[in-house]
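In what follows, a structure is listed as structure tokens, so that the remarks can point back to it.
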Amino acid sequence: MKEGTCSKMCSLHFIKETQFATDGYSLYRRRQPKDGGQTAIVKMKSDSVVIDNRWIVLYNPLLLKTFDAQINVECCNSVKSIKYILKDVHKSSDQVVFAAN
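In terms of full-length UniProt numbering, the sequence shown has 60 at position 60, counting the first letter as 1, and numbering is strictly consecutive.
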């Protein structure tokens with residue numbers, strides 16, 4: 001985080017209503033504080049940062065309680081988005097070949 005903004009471009013935009021894009025990905029509602037959205041103050045090292053709905057990831061409370069772990073959840077409504085997920089899951093780990101004489 002630099003100067004109050006995410007340097008990795010992870011924050012999402014405010015959207016008044018959930019939208020379904022043509023590419024199969026959903027754009028979920030994220031309300032601004034003035035429209036009923038929530039904010040929280042989080043201490044990071046020596047600073048305090050105000051976060052809002054742009055920074056909150058999707059989660060399922062039932063999965064959180066059942067597996068005692070945070071599991072991000074998203075709705076997929078096309079083959080393209082499911083193909084991406086399967087590609088990511090079945091990706092092999094990094095490997096190195098090294099020979100010494």
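Note that CB positions come from ideal geometry on N, CA and C, so glycine has one too.
Nothing here was measured: the structure is a model prediction, and the numbers come from that model.
- Per DSSP, cross-strand counterpart(s) of V50: Position 50 of the sequence shown, counted from the start, is the residue given in the question as residue 50. Partner(s): I41.
- Item | Simplified DSSP state of F67, which is helix, strand or coil | Looking up residue 67 in the sequence shown gives position 67. Looking at F67 - three-state DSSP - the assignment turns out to be helix.
- Give me the Cβ distance between T39 and V50, rounded to the nearest whole Å; I'm assuming they're in contact under 8 Å. The residue labelled residue 39 in the question sits at position 39 within the sequence shown. The residue labelled residue 50 in the question sits at position 50 within the sequence shown. Correct: roughly 6 Å between the Cβ atoms.
- Query: Are there 16 or more other CB atoms within 10 angstroms of the CB of N60, so buried, or fewer, so exposed?
  - Reply: The count along the sequence shown starts at 1 and reaches residue 60 at position 60. Result: exposed.
- Please classify L27: does DSSP put it in a helix, a strand, or coil? Position 27 of the sequence shown, counting from 1, holds the residue named residue 27. In the structure shown, L27 sits in a strand (DSSP, three-state: E or B).
- Query: Is N72 buried or exposed, if buried means 16 or more other CB atoms sit within 10 Å of its CB?
  - Reply: For this step, residue 72 is matched to residue 72 along the sequence shown. So N72 counts as exposed.
- Residue(s) in a DSSP beta bridge with Q19: Counted from its first residue, the sequence shown places residue 19 at position 19. For Q19, which the question treats as bridged, DSSP gives the partners L27.
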